[in-house]
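Undergrad: The structure follows.
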Ligand code: URA
């Protein structure tokens, strides 16, 4: 087999068969196919697309390119959750302990943030001492013992995707549905869970700006998971404005803790309850949505979800006291309010611009190598649809550097758009996709 022939076939609109895709993925991972040929292939896929069989073959080849984690030593249904990423998305930090407190076993791999969206690992590192660099033995033992563990993506999980994603990133071939779906699902399948719950974001702060694209991606991923024998369900959720109010690592952890105390923002609480419901049903801890909802509310009211977070933080080296006393989390030295210069309704927020504000404050990474300031960020006081009078506080900014604060504030003011009338309500959960 020759890569040249495969590129030509794809360029001319042909479909690659399973053997051809396996050859391409194996040889590329081994370094026997150069980046320039794979770049040409990715561009050909970008323009001519992949059918369902090709996407499934690519997903499986990438999943099998490295370690396939075996979680069979853990009794029960192991459930994983994945979000395509957005601004203020601290869902896993509240959801994992909620669901684990209901008895579902969660073995999850997470990533770090890059650009305007944050990563769960960075956020969790706000707990002093917390680490996701744990061995697979520790990971499995912890899921067995306390029902939940989160580890960082290791180099041995789907290495083909790691290499290919880095190549796509610099060749303008990221935003192709089949390539995104196979990239995400290859990692999920290699991570070993029995059931997968996906949160596909749509809107100005998401990867998929248009709802129909997010819906198509959700359908594609649900098909891939189902074909691979995993129970898979996806929701499409709104990312036209930040999720909850807090954006920034330690600030988001604090909001997740408030949510576990039953005092979180409505939208964030609703998202956690919705995803938690599907996780409980997939994990066979609830027969239907009503029972799942009741169980989740009960673990919040009883405090067992909060205690589960403390248990989880302790198990991964963090200080569990910070769960009960959030003054132990990193704190910024400068706290400044942004005040509205006009009255009206918040008609629209440029969501990704709010993510950029957090980045400018030092809370995000410009490049993979940048270090981040866990204490900085923003807490929104007004969101889309809220009435505002001149002089009201729109948000509170947390910073450690005056120049960064000035830059973030200028950007923030431009991201808020006013209207004279209240905008139409946009539902948080747009779609549910299952087979
Ligand atoms: N996230 C991934 O893991 N892969 C993609 O291709 C896009 C987003």
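Numbering (the working numbering), first residue to last: 3 to 437. The C-beta atom is built at its ideal place from N, Cα and C for all residues, glycine as well.
Looking at the structure shown, is residue 202 part of a helix, part of a strand, or coil, going by DSSP?
TA: Residue state, collapsed to three classes: strand.
Undergrad: With H, G and I counted as helix, E and B as strand and the rest as coil, what does DSSP make of residue 251?
TA: Here residue 251 sits in helix by DSSP.
Undergrad: Just checking, does the segment 17-36 make contact with the segment 69-87 on the three C-beta pairs under 8 Å criterion?
TA: No contact exists between the segment 17-36 and the segment 69-87.
Undergrad: Can you tell me which residues fall inside 6 Å of ligand 1, judged by beta-carbon distance to its nearest heavy atom, and keep chain order?
TA: Qualifying residues, in the order they occur: 167, 176, 181, 182, 185 and 186.
Undergrad: Report the rounded CA-to-CA distance for residue 273 versus residue 218, giving the unit in angstroms.
TA: Their backbone Cα atoms lie some 20 Å apart in a straight line.
Undergrad: For a test of the three-state rule: what should DSSP assign to residue 287, helix, strand or coil?
TA: Note: residue 287 maps to coil in three-state DSSP.
Undergrad: Between the segment 226-240 and the segment 250-268, do at least 3 Cβ pairs fall closer than 8 Å?
TA: The segment 226-240 vs the segment 250-268: no contact.
Undergrad: Figure out for me which residue from 46, 13 and 142 has the closest Cα to the Cα of residue 174.
TA: For residue 174, the nearest C-alpha among the options comes from 46.
Undergrad: If we count the other Cβ atoms within 10 Å of its Cβ and call it buried at 16 or more, is residue 267 buried or exposed?
TA: Result: buried.
Undergrad: Using CA atoms only, rank isn't needed, just tell me which of 110, 430, 8 and 157 is closest to residue 141.
TA: The shortest Cα separation from residue 141 among 110, 430, 8 and 157 belongs to 110.
Undergrad: Candidates 95, 157 and 26: which alpha carbon is nearest residue 277's?
TA: When only C-alpha atoms are compared, the closest one is 95.
Undergrad: Please list, in chain order, all residues of the same chain as residue 146 whose beta carbon is under 7 Å from its beta carbon, the five residues on each side excluded.
TA: Counting only Cβ-Cβ distances below 7 Å, and skipping sequence neighbours, we find 76.
Undergrad: Is the beta carbon of residue 351 closer than 7 Å to that of residue 417?
TA: Going by C-beta atoms, residue 417 is nearer than 7 Å to residue 351.
Undergrad: Here's the rule: buried if 16 or more other CB atoms are within 10 angstroms of the residue's CB, otherwise exposed. What is residue 240?
TA: The residue is buried, with at least 16 neighbouring Cβ atoms inside 10 Å.
Undergrad: Taking the alpha carbon of residue 172 as the reference point, which residue from 13, 369 and 196 has its own alpha carbon closest?
TA: The candidate whose alpha carbon is nearest that of residue 172 is 369.
Undergrad: Going by C-alpha to C-alpha distance, which of 346, 407 and 113 sits closest to residue 422?
TA: Comparing Cα-Cα distances from residue 422 to each of 346, 407 and 113, the minimum goes to 346.
Undergrad: Could you spell out where the beta strand (DSSP E) holding residue 75 opens and where it closes?
TA: Looking at the DSSP string, residue 75 is not in any beta strand (DSSP E), and its letter there is neither H nor E.
Undergrad: Considering only their Cβ atoms, is the gap separating residue 192 from residue 79 smaller than 7 Å?
TA: Cβ atoms of residue 79 and residue 192: not closer than 7 Å.
Undergrad: Nearest to residue 1 by CA position, among 279, 177 and 343, is which residue?
TA: With the chain running from 3 to 437 in the structure shown, residue 1 is simply not present.
Undergrad: Work out the CA separation of residue 133 and residue 437 for me, nearest whole Å.
TA: C-alpha separation (whole angstroms): 36 Å.
Undergrad: Taking Cβ positions, are residue 64 and residue 215 nearer each other than 7 Å?
TA: Not in contact: residue 64 and residue 215 (Cβ atoms no closer than 7 Å).
Undergrad: Reducing DSSP to helix, strand and coil, say where residue 329 ends up.
TA: Reduced to three states, the DSSP call for residue 329 is helix.
Undergrad: Taking all protein chains shown into account, do 16 or more other C-beta atoms lie within 10 angstroms of the C-beta of residue 149, making it buried, or fewer, making it exposed?
TA: Flag for residue 149 reads buried.
Undergrad: In whole angstroms, give me the CA-to-CA distance for residue 19 and residue 56.
TA: In a straight line, the C-alpha of residue 19 is about 7 Å away from that of residue 56.
Undergrad: In chain order, what residues of the same chain have a beta carbon less than 8 Å from the beta carbon of residue 61, not counting five sequence neighbours either side?
TA: Once the five neighbours on either side are set aside, the close Cβ partners of residue 61 are 183, 184, 187, 188, 191, 226 and 230.
Undergrad: Is residue 53 buried or exposed, if buried means 16 or more other CB atoms sit within 10 Å of its CB?
TA: Classification for residue 53: exposed.
Undergrad: In the DSSP assignment, the alpha helix (DSSP H) including residue 44 goes from what residue to what residue?
TA: Run containing residue 44: 37-50, per the alpha helix (DSSP H) assignment.
Undergrad: With a floor of 3 residues, list each beta strand (DSSP E) that falls wholly inside the segment 82-120, ordered by position along the chain.
TA: Complete beta strand (DSSP E) runs here, min 3: 107-112.
Undergrad: Closest by CA to residue 340, which one among 292, 392 and 303?
TA: Per the Cα distances, 392.
Undergrad: How big is the Cα-Cα spacing for residue 293 and residue 432?
TA: Between residue 293 and residue 432, the C-alpha separation is close to 22 Å.
Undergrad: Check whether the Cβ atoms of residue 135 and residue 105 sit closer than 7 Å, and answer yes or no.
TA: Not a contact, by the Cβ cut-off of 7 Å.
Undergrad: May I have the straight-line CA-CA distance separating residue 206 from residue 243, to the nearest angstrom?
TA: Computed Cα separation, rounded: 7 Å.
Undergrad: Check whether the Cβ atoms of residue 251 and residue 124 lie closer than 7 Å to each other.
TA: Closer than 7 Å, so yes.
Undergrad: Please check the pair residue 282 and residue 298, which I expect to be a contact at CB under 8 Å, by giving their CB distance rounded to whole angstroms.
TA: Yes, residue 282 and residue 298 are in contact; Cβ-Cβ is about 7 Å, under 8 Å.
Undergrad: Could you give the first and the last residue of the continuous beta strand (DSSP E) run that contains residue 225?
TA: No beta strand (DSSP E) contains residue 225, which is instead part of the alpha helix (DSSP H) from 213-229.
Undergrad: Does the separation of the CB atoms of residue 378 and residue 363 fall below 7 Å?
TA: In this structure, residue 363 lies closer than 7 Å to residue 378 by Cβ.
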